[in-house]
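Heads up: the structure comes next, in C-alpha cells.
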Amino acid sequence: MFNFFRRRRSKDDLKQRLKLVLSYDRARLSPGKMEQLKRELLAVVEKYFPADGDDLDVRFEQHGDRMVLIADLPRPSHH
Amino acid sequence: MAGSADSEEAGTLVNAKAIVVTSGKGGVGKTTTTANVGAALAKLGERVAVIDTDVGLRNLDVVMGLEGRVVFDLIDVFEGRCKLRQALIRDKRVETLHLIAASQTKDKTSLSESRMRETVRALLEDEGFDRVLIDSPAGIETGFQTAAAAAQGALVVVNPEVSSVRDADRIIGLLEAREITEVRLIINRLRPKMVKRGDMLEVSDVLDILGVKLIGIVPEDERVLVSTNVGSPTALEDGGPKTTAGSAFRDIARRIGGEDVAYPDLDGSKGVFSGLRRLFGGR
C-alpha cells in the first residue's frame, strides 16, 4: 500500500492509546490492578491444567453499551 | 429533503431548555462556546440566559464584554441578596441575550444543586426565557455538579487531543449517571491541515471513541481570540466564509433549534471531510 512508504500517522497511535486507556477508565480498574488480576487468574487456572502466563490475554472490550472482561487463554493440547 | 430520513439521527437539542456546557478539562473552549452559542441562539430570536457557574474564576462576563456591568452575581441570587431579575445583565448587541455572572470570591460553600434548580426554573417559568445555557467550571467537583443539576441537555466541548478526549469520556459518564440523556459533542479547535496529514484525530475517530452524537465542528480560528480581546462573540460577525469558527457556532445554534444544517467542507479539498459530510447529512 501507499502508506507503507509514509511515516506512521501519529493519530493512529493516539486513537489506539485512547481506546486502551478509556477501557481501563470505564471499567474503573488501573492497568496495574489488571496485571494483578491476570496473575491471580493464572494461579486459579493452573490448579486445573498447566498454563503459560505469556499465552494469557486479559482485557476489556466495549460490546455495544456493555464493557466486557475478556480472558483469552489457549487450552494446552495433549502432549 | 435528502437528509430527512436521517434527521432523527442528527443531533439537535430542541427539547432541552436548560443546557450545561462542559468538558472536564479546562482550556478547551467552554466559555467561548457558551458565549458564542448563546449569542447565536439569541440572534435566532430565542430569549437566552447564560449563567457562569465558575465561582472564583469567572470569565464569561469578560468574554461577552459585559464585565463593566456586573452588580449582582449568581451567589447573590442564591443567598437572597438580590432578586433574580437584578442579577440579569442584558447584552449590548442582542437584546434577547442575558448573562448571570459567577461571583469572583472563592467561597463555593453556597453552591447548591437545589438553588440552581430553582434559579433555572424561575428563569424559564417566571422570567419567560426560552433557553438557559450553563457554563460549567472545569473539573468534576461541586462546581460541575451544581452546573449539571438543572440541565436536561449537555454540550460537551472536546479538543481532538489525548487529555481532552479522556476527560470528555469521564464527563459523559457523569452526565449519564445524572440521567442527562441529551448529550451532544462539539469538537473544538480542529485543524483541518493536521487532520489531513494524519497528525490529528478526525471527527469520525472522536465520535467512534466517545460514542455520543455530534452537534458541531469548530475549526481553530484566530478570529476567536481577536473577538474575545474586544469582548464580542465572533458568532455575531455575520457573513464571511463557512469555514470560520463564527459560522460553526451559528450552525450549532441552528442545530440546537432543530434545523438539519449540513457540515461545511473545512479543508476545501473534498478529501478527509467529504465522507464525513455524507455521514452527517451534507452534500
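So the sequence lines, in the order shown, correspond to chains A and B.
Read left to right, the first sequence gives residues 1 to 79 (the working numbering).
Read left to right, the second sequence gives residues 1001 to 1283 (the working numbering).
Every residue gets a Cβ at the ideal spot worked out from N, C-alpha and C, and that includes glycine.
In this text the structure is predicted, and so the values were computed from the model without any measurement.
Test item: CB-CB of residue i and residue j under 8 Å
| i | j | result |
| --- | --- | --- |
| Asn-1015 (chain B) | Ala-1235 (chain B) | no |
| Val-1070 (chain B) | Asp-1061 (chain B) | yes |
| Met-1200 (chain B) | Pro-1160 (chain B) | yes |
| Ile-1134 (chain B) | Ile-1051 (chain B) | yes |
| Ile-958 (chain B) | Gln-1145 (chain B) | Outside the shown range of chain B, which is 1001 to 1283, sits residue 958 (chain B), and nothing can be said about it. |
| Gly-1011 (chain B) | Leu-1214 (chain B) | yes |
| Ser-1163 (chain B) | Ala-1147 (chain B) | no |
| Arg-1177 (chain B) | Val-1020 (chain B) | The question names Arg, but residue 1177 (chain B) in the sequence shown is Ala. No, Cβ-Cβ distance for Ala-1177 (chain B) and Val-1020 (chain B) is not below 8 Å. |
| Ala-1049 (chain B) | Val-1132 (chain B) | yes |
| Lys-1242 (chain B) | Pro-1264 (chain B) | yes |
| Ile-1217 (chain B) | Leu-1174 (chain B) | no |
| Gly-1128 (chain B) | Arg-1250 (chain B) | no |
| Leu-1123 (chain B) | Asp-1091 (chain B) | no |
| Gly-1029 (chain B) | Arg-1189 (chain B) | yes |
| Ser-23 (chain A) | Phe-49 (chain A) | no |
| Gly-1056 (chain B) | Lys-1108 (chain B) | yes |
| Leu-1210 (chain B) | Ile-1172 (chain B) | yes |
| Leu-37 (chain A) | Ala-51 (chain A) | no |
| Leu-1185 (chain B) | Val-1226 (chain B) | no |
One or two residues paired with residue i in a DSSP bridge
| i | result |
| --- | --- |
| Ile-973 (chain B) | Nothing can be reported for residue 973 (chain B): it is not among the residues displayed for chain B, which extend from 1001 to 1283. |
| Glu-61 (chain A) | A:Val-68 |
| Asp-1052 (chain B) | B:Asp-1135 |
| Arg-1250 (chain B) | For Arg-1250 (chain B), which the question treats as bridged, DSSP gives no partner whatsoever. |
| Pro-1219 (chain B) | B:Leu-1190 |
| Ile-1140 (chain B) | The partner list for Ile-1140 (chain B) (beta bridge, DSSP) is empty, contrary to what the question assumes. |
| Glu-1182 (chain B) | B:Gly-1153 |
| Lys-1213 (chain B) | B:Arg-1184 |
| Thr-1022 (chain B) | B:Val-1156 |
| Leu-42 (chain A) | Beta-bridge pairing links Leu-42 (chain A) to no other residue. |
| Arg-1090 (chain B) | B:His-1098 |
Option nearest residue i by Cα separation, candidates the options
| i | options | result |
| --- | --- | --- |
| Met-1064 (chain B) | B:Asp-1073, B:Gly-1080 and B:Thr-1031 | B:Thr-1031 |
| Gly-1139 (chain B) | B:Asp-1054, B:Glu-1220 and B:Pro-1241 | B:Asp-1054 |
| Lys-19 (chain A) | B:Ala-1151, B:Asp-1169, B:Ser-1227 and B:Asp-1073 | B:Asp-1169 |
| Val-1156 (chain B) | B:Gln-1145, B:Val-1120 and B:Val-1183 | B:Val-1183 |
| Arg-1085 (chain B) | B:Glu-1259, B:Phe-1072, B:Thr-1096 and B:Arg-1093 | B:Phe-1072 |
| Ser-1232 (chain B) | B:Leu-1097, B:Gly-1153 and B:Glu-1127 | B:Leu-1097 |
| Val-1158 (chain B) | B:Asp-1265, B:Gly-1011 and B:Thr-1033 | B:Thr-1033 |
| Glu-1305 (chain B) | B:Lys-1025, B:Lys-1043, B:Arg-1131 and B:Glu-1113 | The structure shown does not extend to residue 1305 (chain B), since chain B is modelled only from 1001 through 1283, so no value can be given for it. |
| Ala-1149 (chain B) | B:Glu-1127, B:Leu-1111 and B:Leu-1185 | B:Leu-1111 |
| Asp-13 (chain A) | B:Asp-1205, B:Asp-1267, B:Arg-1250 and B:Arg-1223 | B:Asp-1205 |
| Gln-62 (chain A) | A:Asp-25, A:Arg-7 and A:Ser-10 | A:Asp-25 |
| Val-68 (chain A) | A:Arg-17, A:Val-21, A:Leu-22 and A:Ala-27 | A:Ala-27 |
| Lys-11 (chain A) | B:Arg-1191, B:Gly-1211, B:Val-1212 and B:Thr-1228 | B:Arg-1191 |
| Glu-1125 (chain B) | B:Lys-1017, B:Val-1261 and B:Gly-1240 | B:Lys-1017 |
| Val-1120 (chain B) | B:Arg-1093, B:Arg-1058 and B:Phe-1078 | B:Phe-1078 |
| Gly-1240 (chain B) | B:Arg-1223, B:Val-1230 and B:Ile-1252 | B:Arg-1223 |
| Ala-1087 (chain B) | B:Glu-1095, B:Asp-1167, B:Leu-1074 and B:Leu-1207 | B:Leu-1074 |
| Leu-1041 (chain B) | B:Glu-1141, B:Asp-1130 and B:Asp-1260 | B:Asp-1130 |
| Arg-1058 (chain B) | B:Val-1212, B:Glu-1095 and B:Gly-1143 | B:Gly-1143 |
| Glu-980 (chain B) | B:Thr-1022, B:Cys-1082, B:Val-1203 and B:Glu-1095 | The first residue shown for chain B is 1001 and the last is 1283, placing residue 980 (chain B) beyond what the model contains. |
| Asp-65 (chain A) | B:Val-1226, B:Asp-1260, B:Asp-1208 and B:Leu-1225 | B:Asp-1208 |
| Lys-1083 (chain B) | B:Gly-1045, B:Val-1226, B:Glu-1118 and B:Val-1261 | B:Glu-1118 |
| Met-34 (chain A) | A:Glu-46, A:Val-21 and A:Arg-9 | A:Val-21 |
(message) Under 7 Å, CB to CB, which of the residues in the stretch 1135 to 1168 of chain B have a partner in chain A?
(response) Val-1162, Val-1165 and Arg-1166
(message) Please identify, using Cβ separations under 7 Å, the residues of the stretch 1209 to 1227 of chain B that lie next to chain A, in order along the chain.
(response) Ile-1209
(message) With a threshold of 8 Å, are at least 3 pairs of Cβ atoms found where one atom belongs to the stretch 1091 to 1106 of chain B and the other to the stretch 1243 to 1259 of chain B?
(response) The stretch 1091 to 1106 of chain B is not in contact with the stretch 1243 to 1259 of chain B.
(request) Using a Cβ-Cβ cut-off of less than 9 Å, list which residues of the stretch 6 to 25 of chain A approach chain B; keep chain order. (result) Arg-6, Arg-7, Arg-8, Arg-9, Ser-10, Lys-11, Asp-12, Leu-14, Lys-15, Arg-17, Leu-18, Lys-19, Val-21, Leu-22 and Asp-25
(message) Can you pull out the residues from the stretch 1175 to 1202 of chain B whose beta carbon lies closer than 9 Å to at least one beta carbon of chain A?
(response) If the cut-off is 9 Å between Cβ atoms, the stretch 1175 to 1202 of chain B has Met-1194, Val-1195, Arg-1197, Gly-1198, Asp-1199, Met-1200, Leu-1201 and Glu-1202 near chain A.
(request) Take every Cβ of the stretch 45 to 57 of chain A, pair it with every Cβ of the stretch 67 to 74 of chain A, and state whether three or more of those distances are shorter than 8 Å. (result) yes
(message) For the stretch 1189 to 1196 of chain B against the stretch 1254 to 1261 of chain B, do three or more pairs of beta-carbon atoms, one drawn from each stretch, fall closer than 8 Å, so that the two count as touching?
(response) no
(message) Give me the subset of the stretch 1240 to 1267 of chain B whose CB atoms are less than 8 Å from a CB atom of chain A, sorted by chain position.
(response) none
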